[in-house]
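Engineer: Next up is a structure, given as structure tokens.
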Amino acid sequence: MPTPPMEAPPAIELLGIDKSFGTVRAVKGVSLRIESGTITGIVGENGAGKSTLMSILYGLYHADAGEICIDGKTVRIEGPRDAIARGIGMVHQHFMLIDSFTVLENLVLGAEGGPLLAKGMAAARAELARLGRDYDLNVDPDRLVADLSVGEQQRVEILKVLFRGARILILDEPSAVLTPQETDRLFRILATLKERGVTIVLITHKLREIMAATDRVYVMRRGEIVAERRTTDTDPEALAELMVGRKVRLDLDKAEAHLGEVRLKVEHLSLVDSRGVRLLDDIGLELRAGEIVGIAGVTGNGQTELLQVLAGIRAPTGGSFSVCGRTVDRAHSCDPAEMRELGVAHVPEDRLRQGMVAAFRASETSILGHHHEPPFSRNYIMSNPEVSAHCAQLMELFDVRPRLPGLRSDSFSGGNQQKLVLAREMAHEPKVLLVGQPTRGVDIGAIEFIHRELVKSRDAGCAVLVVSVELDEILSLADRILVMFAGRIVGEVEQRRADERTLGLMMAGAGAG
Amino acid sequence: MSGPRRPLPAWADVALVPLINIALAFVTVGIIVRIIGADPFHALRLLVVGALGSSESIGYTLYYATNFIFTGLAVAVAFHGGLFNIGGEGQAYIGGLGCGLAVLALDRYLPVWALIPLAIAASALFGAAWAAVPAWLQAWRGSHIVITTIMFNFVASALMVYLMVNVLIAPGSMTPQSRTFAASGKLPAVHDLLRGLGFTVGPSALNLSIVLALLCCLGVWVFLWHTPGGYALRTMGHNPQAAVYAGTDLRRMTMVAMCLSGALAGFVGVNELLGVHQRIVLDFPAGYGFAGIAVALMGRNHPIGIVLAALLFGALQQGGTELSFEFPTITREMVVVIQGLIILFSGALVHLPRPWLQALLARVR
Amino acid sequence: MDDALSLVFVMLAATLRVATPLVLCAMAGLFSERSGIIDVGLEGKMLMAAFFAATTAAVTGSAWLGVGAAIVAAEVLALLHGFACITHRGNQVVSGVALNILAAGLTVVLGAAWFARGGQTPSLVGEQRLMPLFFSKAGDNILVYVALASVPLTWWIVSRTRFGLRLRAVGEMPLAVEAAGISVAWLRYRAVLLCGLLTGLAGAYIAIAQNAGFSRDMTAGQGFIALAAIIFGKWRPVPAFGACLVFGLLDAIAIRLQGVRLPGLGEVPVQLIQALPYLLTIFLLAGFIGRAVAPKAAGIPYEKER
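Residue numbers (this note's numbering), protein chains in the order written: chain A, 1 to 513; chain B, 514 to 878; chain C, 879 to 1184.
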């Protein structure tokens, strides 16, 4: 007599998970169920608690309260070792690979198969070949990880997880560093894994990917699960609304741009690093007063370096650019201080690492780069009252909270830090404004504010260059969009004619120039 | 964003933690004193009396403190620039060489008011030059400053032995030391000056270098917190990328920080040679350069803290000397042990009392 | 001809004698630094070990107990370094400097208190010392052979064992090691303990094999020369061994050249030859002789969030 199919226990069940860092409650009483053999998405904004939640599941953090069940059994996960033993594997957003090791060495780390390496390595080599065949994940075992492309490195990460026999695979923002085409390939691999019974959890903030790859989706907001949907029953607009908690206006009200003179002209600009890698290749662009030009592209295609060169942080190795009458090339290099004097302001991509000093008071951060100018410094002596007054004024103008110039810079939230940096850079009425990732790690409210300020400064006649990996941001902000791929500008589109698909193709280097 | 380590209130951070760290060091020393069979409380009393019991001993305490202020400031200035200068010992040594050479060359021709400033400038210059090489290597060639400054200490020591034995030795002398400076190469002693003013204090090695040390404190304070140069230097120390962004040339700033640091360390030569020895001798830095690390750590890299820490170290040095006369089993090196323990507790183990304190303060509230 | 041969033998033996503590110390530092823990405290550990080796040998009359005491003493300092740098994430250079100063003071304080000879221990004779095994003139005591064996052993451990793979990994990227389910702290503690063991042997060699007792500051910067040798060997065992031999040879030459006039050069200052290891290391670090790249995570405390 055939037994009726028993309902299989869920692969993962989380009950009432709670986690605080200091006074910040990052995850608040989260419960969720992930069925075996499915692809489940967890979607939410930056800082919604997705990564923290999954790091708890993987044992990197300890939950303050709550229960974890794997295959219906309650388990204690003290560290990654326990998670691995329960068949959980994680592909981190920042790869956990050792650059100076070969693929094979990275693969066996933590699963060496005995105190001596020789035997385990040979077995791993055979296993790697098998996995490569089964899942179409071929990587040369003897190459150094440092020599692999980002997509290949990610495949090594997935191989590491499979090599340990994981049945549950967690991927944290896997597409952040991939082109849309590489992302497609990743999703094909995930589909194959699902066919073989692997349970997959996909953490992302990209709704398109949720729609394309998952069976079921959880939406997180401010540390809580706010919704659970079957992917087929929902759509991106609904998910976006759930994510931010209200209707989002992705497009920005802005008037037609009034173009003025050319403020920045870049011709045949190139940058080759000390190892001979071509980071920028024959870049040409023009930026006029009164317009916002957006540069789209996947992380690591030269946008960072372009901003650095234009801000005077790195000298070009070929070609030239001119800003407000000053021409910079290899022989006539320029430093950030001179650029600033010419009227170029720069909001760097990574504000914590470049744009501010975490340990400084906000007032000290508010004059970074202008510290030797009056009224802050006269006759080589600084005036601290002047500095504090200036900071207080910036805080008022840009609504930085709390309004305490004496507070350590890193005790402000991401959005307030960014507003402070932006305020500092805009305070001197720049002729050219370079902005990298204007809203990275910034909450929704601040995003709208920052976008409006950028448009305001455009309308006041500033020439604005925005680099962002968020395509939506570029689409709503920019009057003109340039796409970078492998250090080159591969396409230019008017905002009105731009759509995600063509831009995506260009970002992968496949579009027509 | 916020890490698991909750911050302590500012007063606890500035005052309580250093005090606890010093207390831990002293308790450990007490145990060591006990182990070698002496009464730690009796030893402590002798130490305090030895350091502060008479105008003479106070004078010596201040004389030692002068050296500690110089080397403590040297470590602190470099540290604010994110550079760990372990080469204070060598820089003090070479600074002293510069000072001595200036005096030996000119003491027969120049009066005291012209020679002393020149000699002070020479110590600063030589100390700075000895620090400039590791700084240059770090800035232009990327070599690690900790390692190069350590190596430079040994090179300075070998160089000085060579010069003293073969070149600078006074004719007919059996010990490797230079000829005695002429009278114009002497920095007035404080007890002589006070006698001139009608006060009588016991004679000690304390000389006008202490005024130079206090001026250096003031100068360092103004430079670091009230000039754009100091701002740029601190920016580099906290976040080199932000310093580049702000338009600071890191290479130049590395040179500036290390040269200032070396010059400050070089002033040990002023106190020792112009103030006391009146000739170039071997091994006069006697560990002051290394102790500067302890002074800077304890003084939280702030001039006021450094003065306080230097006073403590000066008192230990002087009291320890007296102590070793009284106690045959305790040698002067006990002071070195204390220095080591203070570096350990207020440097490497600075976080040790933090969790307890947090728990304690949380309960009090 | 015979003269030349015997000169070669004498120089070789002298080189090995001088190089032995350097080799042991360099292998010690290599374990620590490959795990990401910078150790400028090799000197202090060695000094402390030398003191306790001589003290124990003098008191008990047994050289072997002296070796044991040396290892224990070095391990205590090694654990203190680990406690400060691994458990409390303190600054590794500061901790190393502290241990050096502590050892320099404590050995003299204890020595003076126990033996009342101004910090020296009594001279050791007979069974209290480790004696040469085969050639009485060469000074080839057991620790010389241990040092020679430590090089291939270190190479094998680092490159051919699971522990070695993890050791190299934790010095490059501790987070990856943690994510692979391996304890970063325990791995680093084991490296630091190995470092203590080897510096203990080096200290014992100096006090009870090379010399007949302890005298103040007797390690005389050899810990730093070993550090230089590690950098010179680019954190690899065999090249580091080569550097130790070169530095040992320089020292042997320095001793022979004392007061000798060389044709054409005149008298070479002994101080110059003594300073050569440091000068050469500076040149290396300046990138004039190849490039030395330290383990990526060396010196950075590993902060684990919980």
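For each residue, glycine too, the CB sits at the ideal point set by N, CA and C.
1) Taking all protein chains shown into account, decide if residue 513/A is buried (16 or more other Cβ within 10 angstroms of its Cβ) or exposed.
2) For the alpha helix (DSSP H) containing residue 1066/C, list its first residue and its last residue.
3) Identify every run of the alpha helix (DSSP H) within the segment 56-93 of chain A, keeping only runs that are complete inside it and at least 4 residues long; order them along the chain.
4) Would you mind giving the Cβ-Cβ distance between residue 1091/C and residue 1085/C, rounded to the nearest angstrom? I have them listed as a contact below 8 Å.
5) Three-state secondary structure (DSSP) at residue 220/A?
6) Cα-Cα, which of 858/B, 862/B, 830/B is closest to residue 557/B?
7) Could I get the ranges of all uninterrupted alpha helix (DSSP H) runs contained in the segment 789-873 of chain B, with 4 residues as the minimum, in chain order?
8) Are the CB atoms of residue 148/A and residue 487/A nearer to each other than 8 Å?
9) Is the segment 474-485 of chain A in contact with the segment 446-459 of chain A, if contact means three or more CB pairs nearer than 8 Å?
10) Determine the direct distance from the alpha carbon of residue 107/A to that of residue 894/C, and round the result to whole angstroms.
11) Keeping to the same chain, check which residues put their C-beta closer than 7 Å to that of residue 749/B; ignore five residues upstream and five downstream.
12) Residue 115/A: buried (16+ other C-beta within 10 angstroms of its C-beta) or exposed?
13) Please confirm whether residue 980/C and residue 922/C have their CB atoms less than 8 Å apart.
14) Between residue 248/A and residue 461/A, what straight-line distance do the alpha-carbon atoms span, to the nearest angstrom?
15) Indicate whether residue 1062/C and residue 915/C have their beta-carbon atoms separated by less than 8 Å.
16) Establish whether the CB of residue 101/A and some CB of chain F are separated by less than 8 Å.
17) Apart from the five residues on each side of it in sequence, which residues of its chain come closer than 6 Å, Cβ to Cβ, to residue 514/A?
18) Helix, strand or coil for residue 880/C? Go by DSSP, reduced to three states.
19) For residue 549/B versus residue 958/C, is the C-beta distance shorter than 8 Å?
20) Three-state secondary structure (DSSP) at residue 292/A?
21) Can you grab the Cα-Cα spacing for the pair residue 927/C / residue 1020/C, in whole Å?
22) In terms of DSSP beta bridges, what is residue 1176/C paired with?
23) For chain B, check one thing: does any of its Cβ atoms lie closer than 8 Å to the Cβ of residue 914/C?
24) Thinking C-alpha only, which one of 933/C, 947/C, 1042/C, 954/C is nearest residue 101/A?
25) If we require 4 or more residues per run, which alpha helix (DSSP H) segments fall completely within the segment 382-428 of chain A?
26) For residue 18/A, name the three-state secondary structure that DSSP assigns.
27) With a threshold of 8 Å on Cβ separation, who are the neighbours of residue 971/C within its own chain once the five nearest residues in sequence on each side are excluded?
28) Please return the same chain residues whose Cβ sits closer than 6 Å to the Cβ of residue 13/A, not counting the five positions on each side in sequence.
29) If you drop the 5 nearest sequence neighbours on each side, which residues of the same chain put their C-beta closer than 8 Å to that of residue 483/A?
30) Under three-state DSSP, which class holds residue 923/C?
31) Starting from residue 125/A, trace the alpha helix (DSSP H) both ways and give me its first and last residue.
32) Within 10 angstroms of its Cβ, does residue 655/B collect 16 or more other Cβ (buried), or is it exposed?
33) Under 8 Å, Cβ to Cβ, is there at least one residue of chain B near residue 187/A?
34) Within the 8 Å Cβ cut-off, does residue 760/B reach chain A?
35) Can you list the residues of chain C that residue 79/A reaches, using a CB-CB cut of under 7 Å?
36) Are there 16 or more other CB atoms within 10 angstroms of the CB of residue 1027/C, so buried, or fewer, so exposed?
Structural biologist: So, from the listed chains and residues:
1) Confidence at residue 513/A is low in this model, with a pLDDT of 39, below 50, so the placement of that residue is unreliable and no value is reported for it.
2) 1062-1083
3) 80-85
4) 7 Å
5) strand
6) 830/B
7) 801-811, 816-839, 846-856
8) no
9) yes
10) 41 Å
11) 594, 595, 756, 761, 763, 766
12) exposed
13) yes
14) Confidence at residue 248/A is low in this model, with a pLDDT of 49, below 50, so the placement of that residue should be treated as unreliable; the coordinate-derived value is given next. Their Cα atoms are separated by approximately 28 Å.
15) no
16) Of the protein chains in the structure, A, B and C, none is chain F.
17) It is not possible to answer for residue 514/A, since the shown part of chain A is limited to 1 through 513.
18) helix
19) no
20) strand
21) 17 Å
22) In DSSP, residue 1176/C forms no bridge with anything.
23) no
24) 1042/C
25) 384-397, 414-427
26) strand
27) 916, 918, 1177
28) 33, 69
29) 295, 296, 297, 489, 490, 491, 492, 493, 503, 506, 507, 511
30) helix
31) 117-135
32) exposed
33) no
34) yes
35) 1059
36) exposed
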